[in-house]
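Reading through the structure tokens given below for one structure.
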Amino acid sequence: MINMKIVTWNVNSVRVRLPLIEQLIAEENPDVILLQETKCMNEFFPKDFFESHNYHLAIHGQKTYNGVAIISKYPIENVKWDLDDSTEARYIEGFTNGHYVVSAYVPCGNKSDEAYKYKQEFLGSIASRWKGEESAIIGGDFNVAMSDDDMQTPAKWIGSVLCTDEVRNGMQKVFDAEFDDCHEISDGKNDFTWWDYRRPNEGLRIDYILSKNVSGKLKTLQHYRKMERPSDHVPVMFEI
DNA sequence: ATGGTAGCTGCGCTA
7 MINMKIVTWN
17 VNSVRVRLPL
27 IEQLIAEENP
37 DVILLQETKC
47 MNEFFPKDFF
57 ESHNYHLAIH
67 GQKTYNGVAI
77 ISKYPIENVK
87 WDLDDSTEAR
97 YIEGFTNGHY
107 VVSAYVPCGN
117 KSDEAYKYKQ
127 EFLGSIASRW
137 KGEESAIIGG
147 DFNVAMSDDD
157 MQTPAKWIGS
167 VLCTDEVRNG
177 MQKVFDAEFD
187 DCHEISDGKN
197 DFTWWDYRRP
207 NEGLRIDYIL
217 SKNVSGKLKT
227 LQHYRKMERP
237 SDHVPVMFEI
């Protein structure tokens, strides 16, 4: 029996993506939606839209860049976004319908040496935050492809900050905090979650839903890539 | 071969 549906989605602007978010709600009726790259300050977040669909909100926005949110059919308690002392809005956690949930937007890390360093620190901070907790569900854009199976064209990505040994080790620290990658490859390398708008045949799996002490089934909603004005990421859904 | 697109912003930055 399914008792909870959780979707994570890097929408690349929540306001531009509202029509597709509305379709997601109509098709899947998720209990929880974890958003990344909302790209707007809290005062401009489309609260009325979500509330009219009977959702509660916990938002952590920022002008132009980043921005994360937890959208839930249930009240959201113990909301926190101070994972570290950064001014970048990349993290939010809350407790809803009996579960700790997290929406995380890990830095890409290709902007500068500092950004790359911060990517490692950010992954370490997530691992530290949840290491001792009994149960949690983290959805997000981790900007890490863990293996060649997560890459449509591995040779094109050699040396990329999305798949260096260092960032893979950083991501491994999160797994080592007793999180499971719920993903199962069904029929080959076909479960990518992101494509650069300029390179439509070089997909990567960099969006994950990780859980500890919660079992469920993961599904990548590929058809959201073929719609009008798609995000560069597709939604990933976890059914408990 | 080092381009290309998208979003937000304001003629550049980030991905």
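Numbering (our numbering), first residue to last: 7 to 246. Don't be surprised by glycine CBs; every beta carbon is placed ideally from N, CA and C. Since this is a predicted model, take the numbers as computed values, not measurements.
Can you tell which of Trp201, Ala183, Gly145, Cys169 has the C-alpha that lies nearest to the C-alpha of Ile76? As a first step, residue 76 is located in the first sequence; it is residue number 70 there, counting from the start. That would be Gly145, whose Cα lies nearest to the Cα of Ile76.
Would the beta-carbon of Asn84 fall within 7 Å of that of Gly67? Translated into the one-based positions of the first sequence, residue 84 becomes position 78. Translated into the one-based positions of the first sequence, residue 67 becomes position 61. Going by beta carbons, Asn84 and Gly67 fall outside the 7 Å limit.
Taking all protein chains shown into account, decide if Pro25 is buried (16 or more other Cβ within 10 angstroms of its Cβ) or exposed. Looking up residue 25 in the first sequence gives position 19. Taking a 10 Å sphere around the C-beta of Pro25, we find fewer than 16 other C-beta atoms and assign the residue as exposed.
Tell me whether Leu40 sits in a helix, a strand or coil according to DSSP, three-state version. Within the first sequence, the letter at position 34 stands for residue 40. The three-state reading of DSSP puts Leu40 in strand, counting E and B together.
Where Glu184 and Gly130 are concerned, what is the direct C-alpha to C-alpha distance, given to the nearest angstrom? Locating residue 184 in the first sequence gives position 178, counting from the first residue. Locating residue 130 in the first sequence gives position 124, counting from the first residue. Computed Cα separation, rounded: 14 Å.
heavy atom of the ligand NAD below 6 Å from Asp213 C-beta: As far as ligands go, the structure on display features none, and thus does not contain the ligand NAD.
Cross-strand partners of Gly165 (DSSP beta bridge): Taking the first sequence and counting its residues from 1, the one referred to as residue 165 is at position 159. Looking at the DSSP assignment, Gly165 forms no beta bridge with any residue, so it has no partner.
Please name the residue in Asn103, Asn18, Asp37 whose C-alpha comes closest to that of Asn60. For the purposes of this step, residue 60 is taken as the residue at position 54 of the first sequence. That would be Asp37, whose Cα lies nearest to the Cα of Asn60.
Specify the secondary structure class of Leu210 as computed by DSSP and reduced to three states. For the purposes of this step, residue 210 is taken as the residue at position 204 of the first sequence. In the structure shown, Leu210 falls within a strand segment according to DSSP collapsed to helix, strand and coil.
Count the CB pairs spanning the region 115-132 and the region 223-237 that are closer than 8 Å, and state whether there are at least three. With a cut-off of 8 Å, the region 223-237 and the region 115-132 do not count as touching, because too few Cβ pairs lie within range.
Contact between the region 135-142 and the region 161-178 is defined here as three or more beta-carbon pairs at a separation below 8 Å; is this criterion met? No, they do not touch.
Less than 7 Å between C-beta atoms, sequence neighbours within five positions excluded: which residues of the same chain meet that for Lys53? In the first sequence, counting from the first residue as 1, residue 53 sits at position 47. For Lys53, where only same-chain residues beyond five positions count, the Cβ hits under 7 Å are Leu63.
Buried or exposed: Asn16, going by 16 or more other Cβ atoms within 10 Å of its Cβ? Here the question's residue 16 lines up with position 10 in the first sequence. Result: buried.
Would DSSP call Ala64 helix, strand or coil? Numbered from 1 along the first sequence, position 58 holds the residue referred to as residue 64. When secondary structure is reduced to three states using DSSP, Ala64 falls in the strand class.
Excluding sequence positions up to five away, which residues of its chain have a Cβ less than 7 Å from the Cβ of Cys46? The residue labelled residue 46 in the question sits at position 40 within the first sequence. Taken in chain order, the residues that qualify are Val20, Arg21, Gly67, Gly73.
According to DSSP, which residues form a beta bridge with His239? The sequence position of residue 239 within the first sequence is 233, counting from 1. His239 is bridged to Trp200.
Taking the alpha carbon of Tyr80 as the point to measure from, which residue in Cys169, Ile27, Glu57, Asp147 has its own alpha carbon closest? The residue given as residue 80 occupies position 74 in the first sequence. Closest option to Tyr80, Cα to Cα, is Glu57.
Among Ala161, Asp171, Phe55, which residue has its Cα nearest to the Cα of Val150? Position 144 of the first sequence holds residue 150. The residue with the shortest Cα to Cα distance from Val150 is Asp171.
Could you work out which residue in Trp200, Ile215, Tyr214 is closest to Glu208 when comparing CA atoms only? Numbered from 1 along the first sequence, position 202 holds the residue referred to as residue 208. The alpha carbon of Glu208 has as its nearest neighbour, out of Trp200, Ile215, Tyr214, the alpha carbon of Trp200.
Can you tell me the Cα-Cα spacing of Val242 and Leu168, whole angstroms? Here residue 242 corresponds to residue number 236 of the first sequence, with the count starting at 1. Here residue 168 corresponds to residue number 162 of the first sequence, with the count starting at 1. Roughly 19 Å between the two C-alpha positions.
Which same chain residues end up closer than 8 Å to Asn9 when comparing Cβ atoms and leaving out the 5 residues on each side of it in sequence? Taking the first residue of the first sequence as position 1, residue 9 is located at position 3. If we look at Asn9 and ignore the five residues flanking it on each side, its Cβ neighbours are Ile246.
For Gln42, tell me which candidate among Asp91, Phe148, Lys162, Asn35 has the shortest Cα-Cα distance. Stepping through the first sequence from its first residue, residue 42 is reached at position 36. For Gln42, the nearest C-alpha among the options comes from Phe148.
In three-state terms, what does DSSP make of Gly130? For the purposes of this step, residue 130 is identified with residue 124 of the first sequence, where counting begins at 1. The three-state reading of DSSP puts Gly130 in helix, counting H, G and I together.
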